[in-house]
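J.:
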Amino acid sequence: MDFLGRSVTDDKDDTTIFYAGDLSLLNRPCVAIVGTRQVSDAGIARTVRLAKGLVEAGVVVVSGLAYGVDAVAHRTAIDAGGRTISVIGTPLDKASPSENAVMQEEIYRDHLLISQFPIGQKTSRASFPLRNKLMATLSDATVVMEASDTSGTLHQAAECTRLGRWLFIARSVVDDPALTWPAKFLKYETCMPLDNVEQVIERVSAPSPSAG
Numbered sequence: 001m002d003f004l005g006r007s008v009t010d011d012k013d014d015t016t017i018f019y020a021g022d023l024s025l026l027n028r029p030c031v032a033i034v035g036t037r038q039v040s041d042a043g044i045a046r047t048v049r050l051a052k053g054l055v056e057a058g059v060v061v062v063s064g065l066a067y068g069v070d071a072v073a074h075r076t077a078i079d080a081g082g083r084t085i086s087v088i089g090t091p092l093d094k095a096s097p098s099e100n101a102v103m104q105e106e107i108y109r110d111h112l113l114i115s116q117f118p119i120g121q122k123t124s125r126a127s128f129p130l131r132n133k134l135m136a137t138l139s140d141a142t143v144v145m146e147a148s149d150t151s152g153t154l155h156q157a158a159e160c161t162r163l164g165r166w167l168f169i170a171r172s173v174v175d176d177p178a179l180t181w182p183a184k185f186l187k188y189e190t191c192m193p194l195d196n197v198e199q200v201i202e203r204v205s206a207p208s209p210s211a212g
């Protein structure tokens, strides 16, 4: 399956997706904003600024509807009058966490909700790395706002790099001496520190270096 050059399947994977909402949102520039569930106040502020800037540029905000960065990204996009896509690690009729069920219903109804798990299938913690990989596939770029060295978000960063998609890491994360993971990704041509939203907007409107 292919959405405007974003391959949903490749030689390593054959993914069926289930969705509710406006599938045409995938035809627009899509940027995933992801990160820790225990986001700091500064991380919240940075996520709000980024999501608002993307909405103003007509970019669709993609995230995973988890606590923390995900919920802030979705809510900011909606409240700013933008569009958002949620890629979840449960079937479409289940919410995890349950506290985000109301927002999931709103996205289901007015935006786009995507899952790779059919209704009735049991999921577990192992389902969420699969969700992150699909999110990387469906997005033109991924931005990591906050993440520890053991964060599940790194599954998405790795898949983004494997696919040759743009990967941005918030400058505050790059400059954190306690973290080792950013250096592992910054050696790739498609990964860079994020200082402003214009970096993202400029690059999602042009092919990544590995695309040609």
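Residue numbering for the sequence shown follows the UniProt record's numbering, starting at 1 and increasing by one per position.
Glycine included, each C-beta is placed from N, C-alpha and C at the ideal position.
1. If you follow the beta strand (DSSP E) that G21 is part of, which residue opens it and which one closes it?
2. For the region 130 to 150 and the region 94 to 113, state whether three or more C-beta atom pairs, one from each stretch, are separated by less than 8 Å.
3. Run through the region 109 to 190 for me and flag every whole alpha helix (DSSP H) of 4 or more residues, listed as ranges in chain order.
4. Helix, strand or coil: how does DSSP classify L15 here?
5. Answer yes if the region 71 to 79 comes into contact with the region 166 to 181, meaning at least three C-beta pairs across the two stretches below 8 Å, and no otherwise.
6. Along the chain, where does the beta strand (DSSP E) containing T84 start, and where does it finish?
7. Quick one: what does DSSP say S63 is sitting in, helix, strand or coil?
8. Using the Cβ count rule (16 or more neighbours within 10 Å means buried), how would you classify K133?
9. So the candidates are T15, A32, D22, T16; which of them puts its Cα closest to the Cα of W166?
10. The alpha helix (DSSP H) spanning V55 covers which residue range?
11. State yes or no: is the C-beta of T161 within less than 7 Å of the C-beta of Y188?
12. Check L92 in the structure and name its three-state DSSP category.
13. Who are the near neighbours of P118 in its chain, counting only those whose CB is closer than 7 Å to its CB and skipping five residues on each side?
14. Please say whether V200 and P29 have beta carbons closer to each other than 7 Å?
15. Sort H155, R37, R109 by Cα distance to P97 and report the nearest one.
16. Cα separation between A198 and A101?
T.: With the structure as the only source:
1. 18 to 21
2. no
3. 127 to 138, 153 to 163, 171 to 174, 181 to 186
4. Sequence inspection shows Thr at residue 15; the Leu mentioned does not correspond to that position. DSSP places T15 in coil when its eight states are reduced to three.
5. no
6. 84 to 88
7. strand
8. buried
9. A32
10. 41 to 56
11. yes
12. coil
13. F18, P91
14. no
15. R37
16. In the sequence under discussion, the amino acid at residue 198 is Glu, which differs from the Ala named in the question. Going from the Cα of E198 to the Cα of A101 covers about 32 Å.
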